[in-house]
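K.L.:
Before we start, here is the structure in question, set down as structure tokens.
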Amino acid sequence: MSARSATPYRAYFVILLAIAATSSAAILIRYALDADMPPLLIAAARLAIAALALTPLALRRHTAQVKNLSRRDLSLIVLAGLCLALHFTAWVSSLQFTTVLVSVVIVSTGPIWVAILEVLFLRIRLSQLVVAGLLIALAGGVMIGIPIGSTAELTARGADDLSATATGALLAWIGALSVSVYMLIGRVLRARLHVIPYVWLVYSVAAVCGCAVIMLTATRVSGYAVEGYAVLLAMGLIPQLLGHSSLNYLLEYFPAALVSMFSQLEPLGSALLALVLFRELPPEQQIAGSVIIVIGVLVASRGEFRQSQGKRDDRD
């Protein structure tokens with residue numbers, strides 16, 4: 030039976046919901062940063078709010094499955110939670126230094142790094158398209174991170190601006206690599222664990238990690254504007270609970286490579302929202318580098334999708 034004939038119509042609606050919800054994440058983060066909220070608080074709050082919202086449903090319907098988890102599965106969930114906490118902390122921090130477009134595009138290279146991790150840990154061979162996509166994306170990353178232009182143009186931009194762009198790009202790459210480990214673990218666990226208990230446990234672990242770091246660093250959590258806390262609430266409910274969880278839900282009906290391709294529409298949505306709301310138009314070099322990265326990710330995701338389809342056909 031084909032994937033399409035076995036897929037309920039609600040799954041296609043969830044695709045649209047996931048794209049719209051995740052595209053709002055960078056915008057809400059920027060609003061929270063404008064309210065002087067620290068990145069550690071923003072990252073931990075969105076995870077904690079989503080975990081708390083899922084707790085009644087997880088405990089009411091999935092307690093037995095949670096109790097029957099093996100020690101290995103619990104270890105993988107803890108590792109996934111740690112990676113997710115690192116991902117959001119690094120990504121939120123990157124938005125202090127670079128544009129929404131650059132940050133979201135780099136973070137969205139996750140599928141490429143997942144493919145590399147599969148080679149390293151699962152001994153899966155990369156297809157030619159995945160290799161080509163990786164090289165294309167790396168070229169885009171170099172274009173963003175390395176200053177290009179005449180001496181006069183670079184001087185006009187200033188050393189601080191160039192350093193900030195490089196710092197933001199580096200943090201976004203850290204966010205991309207950490208979320209790749211999380212995605213790889215999710216592919217393993219989602220094959221035998223329902224989406225609700227899985228995301229609830231991972232979000233909870235990540236939230237605990239975030240809160241622990243807040244305590245260790247004595248990060249202030251009170252005294253901000255009410256609007257800032259409203260943004261945190263929206264962040265936990267919309268991009269995290271609806272958007273991120275929807276992508277995990279889609280793994281039940283679509284190959285992981287195809288779900289990754291769906292998520293590549295997030296940078297476009299975020300960039301358009303940033304243009305409308307913040308009048309944020311990145312320099313031409315950053316736009317060009319971002320476009321190259323998106324092309325690379327799409328090429329690699331297409332190659333991974335073909336590879337996964339070939340494996341499915343071989344099993345059939």
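The opening residue of the sequence shown carries number 30 in this note's numbering; numbering runs sequentially from there. Ideal Cβ placement from N, Cα and C applies to all residues, glycine included. Bear in mind the structure is a predicted one, so any value in this text is a computation, not a measurement.
In angstroms with no decimal places, state the Cα-to-Cα distance between residue 112 and residue 159.
P.N.:
A straight line joining the alpha-carbon of residue 112 with that of residue 159 spans about 23 Å.
K.L.:
As a quick exercise: from 320, 278 and 243, pick the residue whose alpha carbon is nearest that of residue 77.
P.N.:
Of the listed residues, the one whose Cα sits closest to residue 77 is 243.
K.L.:
So residue 221 is in the alpha helix (DSSP H); what residue range does that whole segment cover?
P.N.:
Taken as a continuous stretch (DSSP letters only), residue 221 belongs to no alpha helix (DSSP H), as it is neither H nor E.
K.L.:
Grouping DSSP H, G and I as helix and E and B as strand, with all else coil, what is residue 322?
P.N.:
helix
K.L.:
Near residue 50, which residues of its chain fall below 6 Å by C-beta distance, leaving aside the five closest residues on each side in sequence?
P.N.:
Within the same chain, Cβ atoms closer than 6 Å to the Cβ of residue 50 are found at 267, 268, 271 and 272, the five residues on either side in sequence being excluded.
K.L.:
Sorted by chain position, which residues of the same chain lie with C-beta nearer than 6 Å to residue 204's C-beta, five sequence neighbours on each side aside?
P.N.:
116, 119, 120 and 136
K.L.:
Considering Cα atoms alone, identify which of 55, 37 and 39 is closest to residue 297.
P.N.:
Ranking 55, 37 and 39 by Cα distance to residue 297 puts 55 first.
K.L.:
What does a CB cutoff of less than 7 Å around residue 80 pick up in its chain, not counting 5 residues either side in sequence?
P.N.:
229, 232, 233 and 236
K.L.:
Could you check how far apart the C-beta atoms of residue 324 and residue 165 are, in whole angstroms? I think they sit under 8 Å.
P.N.:
6 Å
K.L.:
Could you have a look at residue 39 and say whether DSSP puts it in helix, strand or coil?
P.N.:
helix
K.L.:
What does a CB cutoff of less than 6 Å around residue 302 pick up in its chain, not counting 5 residues either side in sequence?
P.N.:
56
K.L.:
Run the CB neighbour count on residue 215, radius 10 Å, all protein chains shown included, and call it buried at 16 or more, exposed below.
P.N.:
buried
K.L.:
Anyone know if the C-beta pair for residue 322 and residue 170 falls short of 8 Å?
P.N.:
yes
K.L.:
Can you list, in chain order, the residues of its chain whose CB lies under 6 Å from that of residue 47, leaving out five sequence neighbours each side?
P.N.:
So the qualifying residues of the chain are 272, 275 and 276.
K.L.:
Our contact map puts residue 172 next to residue 318 with C-beta atoms below 8 Å; I'd like the distance itself, whole angstroms only.
P.N.:
Confirmed, about 3 Å.
K.L.:
Quick check on the burial criterion: 16 or more other C-beta atoms within 10 angstroms. Buried or exposed for residue 59?
P.N.:
buried
K.L.:
Of the residues 330, 314, 327 and 280, which one's Cα is nearest the Cα of residue 43?
P.N.:
280
K.L.:
Based on Cα-Cα distance, which residue from 110, 92, 38 and 129 lies nearest to residue 307?
P.N.:
129
K.L.:
Indicate the three-state DSSP secondary structure (helix, strand or coil) for residue 248 in the structure shown.
P.N.:
When DSSP states are grouped into helix, strand and coil, residue 248 belongs to the coil group.
K.L.:
If you draw a straight line from the C-alpha of residue 208 to the C-alpha of residue 263, how long is it?
P.N.:
22 Å
K.L.:
So, using beta-carbon positions, are residue 64 and residue 257 closer together than 8 Å?
P.N.:
yes
K.L.:
Run the CB neighbour count on residue 152, radius 10 Å, all protein chains shown included, and call it buried at 16 or more, exposed below.
P.N.:
exposed
K.L.:
In chain order, what residues of the same chain have a beta carbon less than 7 Å from the beta carbon of residue 199, not counting five sequence neighbours either side?
P.N.:
Hits under 7 Å: none found.
K.L.:
Nearest-angstrom Cα distance between residue 222 and residue 103?
P.N.:
12 Å
K.L.:
Count the other C-beta atoms from every protein chain shown that fall within 10 angstroms of the C-beta of residue 245, then say buried if there are 16 or more, exposed otherwise.
P.N.:
Per the 10 Å Cβ criterion, exposed.
K.L.:
Measure the C-alpha to C-alpha separation of residue 73 and residue 300 and round it to an integer number of angstroms.
P.N.:
In a straight line, the C-alpha of residue 73 is about 24 Å away from that of residue 300.
K.L.:
Here's a check: name, in chain order, each residue in its chain whose Cβ is nearer than 6 Å to the Cβ of residue 95, leaving out the five neighbours to either side.
P.N.:
226
K.L.:
By Cβ distance below 8 Å, which residues in the same chain neighbour residue 219 in space, the five residues on each side in sequence not counted?
P.N.:
227, 277, 280 and 281
K.L.:
Roughly how many angstroms lie between the CA atoms of residue 260 and residue 250, to the nearest whole one?
P.N.:
If you take the alpha carbons of residue 260 and residue 250, they lie about 14 Å apart.
K.L.:
Using a Cβ-based criterion (distance less than 7 Å to any ligand heavy atom), does residue 63 qualify as near the ligand GDP?
P.N.:
For the ligand GDP, the structure offers nothing, since it holds no ligand at all.
K.L.:
Does any residue of chain D have a CB that is nearer than 8 Å to the CB of residue 271?
P.N.:
The displayed structure is made up of one protein chain only, and chain D is not part of it.
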